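Notes follow the structure.
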Amino acid sequence: MSNLPPQLRYTESHSWVIFEDDVLLVGITDYAQNALGDIVFVESPEDGMHYQQGQQIGMIESVKTGSDIYAPVTGKVVDVNEALINSPELINEDPYSAWIYKILPASKVEIEQLLTAKDYQNLINKN
93 MSNLPPQLRY
103 TESHSWVIFE
113 DDVLLVGITD
123 YAQNALGDIV
133 FVESPEDGMH
143 YQQGQQIGMI
153 ESVKTGSDIY
163 APVTGKVVDV
173 NEALINSPEL
183 INEDPYSAWI
193 YKILPASKVE
203 IEQLLTAKDY
213 QNLINKN
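Position in the sequence shown (from 1) plus 92 gives the number in our numbering.
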């Protein structure tokens, strides 16, 4: 069973989100980082760009494979985690602290539609 902080919301593409002030911090789940293995590169979305929910906005590469990153909500990227440029392994060490980017959501409705920890656990149990 993956470690799933209950205060976070989740996506079917294995991202987590949490509010910090008016923006959402976004990262990948423990389940995702375990599946990827040792992460060697993170391509973050472009700061200042607008993205649609579900749009591919970045990529994570590991020694095993690569995986696209998708926008959990429609909004504008307002910050990226520069620490991941030189230390992408921070995601493996603590996926719920190593956020990848911050996005200013265009609507709270999309956030409310994201998965709860229980719903996400049910999703990964099916895999």
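We put the beta carbon where it would ideally sit given N, CA and C, even for glycine.
As the structure is a computational prediction, the values presented were derived from the model and not from experiment.
Could you check how far apart the C-beta atoms of residue i and residue j are, in whole angstroms? I think they sit under 8 Å.
i: Ala190; j: Leu196; result: Not quite, the Cβ-Cβ distance comes to about 20 Å (not below 8 Å), so this is no contact.
i: Ser107; j: Ile120; result: 6 Å
i: Tyr193; j: Tyr102; result: Between Tyr102 and Tyr193 the Cβ distance is about 16 Å, and since that is not below 8 Å, they are no contact.
i: Leu117; j: Val109; result: 7 Å
i: Glu204; j: Gln145; result: Actually they do not touch by this definition, with Cβ atoms about 12 Å apart.
Which residues bound the beta strand (DSSP E) around residue i?
i: Glu153; result: Gln148 to Ser154
i: Leu96; result: Leu96 -> no beta strand (DSSP E), and no H or E assigned at all.
i: Leu196; result: Tyr193 to Pro197
i: Tyr188; result: Counting along the chain, Tyr188 falls outside any beta strand (DSSP E), and DSSP gives it neither H nor E.
i: Asp160; result: Gly158 to Tyr162
Considering only C-alpha positions, which residue in the set the options is nearest to residue i?
i: Gln148; options: Lys156, Phe133 and Thr166; result: Thr166
i: Asp114; options: Val169, Phe133 and Ala175; result: Val169
i: Leu215; options: Tyr123, Lys200 and Asn173; result: Tyr123
i: Pro180; options: Leu117, Tyr143 and Val134; result: Val134
i: Asn173; options: Asn219, Ala198, Leu207 and Glu138; result: Glu138
i: Ile177; options: Lys200, Gly140, Leu100 and Gly150; result: Gly150
i: Met141; options: Asp171, Pro164 and Leu100; result: Asp171
i: Leu207; options: Pro164, Tyr143 and Ser199; result: Pro164
Less than 8 Å between C-beta atoms, sequence neighbours within five positions excluded: which residues of the same chain meet that for residue i?
i: Met93; result: For Met93, the pLDDT reaches just 43, beneath the cut-off of 50, and the residue's location in the model is therefore unreliable, leaving the point undetermined.
So, at 6 Å on beta carbons, what are the nonlocal neighbours of residue i in its own chain, with the 5 sequence-adjacent residues on each side left out?
i: Ser105; result: Tyr162
i: Ala209; result: Leu96 and Pro98
i: Asn217; result: none
i: Ala198; result: Thr166 and Gly167
Might you give, ordered along the chain, the residues of its own chain that have their beta carbon closer than 7 Å to the beta carbon of residue i, omitting 5 neighbours on each side?
i: Leu128; result: Ile152, Ser154, Lys156, Thr157 and Ser159
i: Asn184; result: Gln125, Asp130 and Ile131
i: Asn219; result: none
i: Pro187; result: Gly119, Ile120, Thr121, Asp122 and Gln125
i: Ala175; result: Leu182
For the alpha helix (DSSP H) that residue i lies in, which residues bound it at each end?
i: Val201; result: Lys200 to Glu204
i: Asp211; result: Ala209 to Lys218
When you measure from the CB of residue i to every non-hydrogen atom of the ligand NAP, does any distance come out below 7 Å?
i: Asp114; result: Absent from the structure shown: the ligand NAP. Ligands present: none.
*Length-filtered (3 minimum) beta strand (DSSP E) runs lying within the region 99-134*: 107-112 and 115-120
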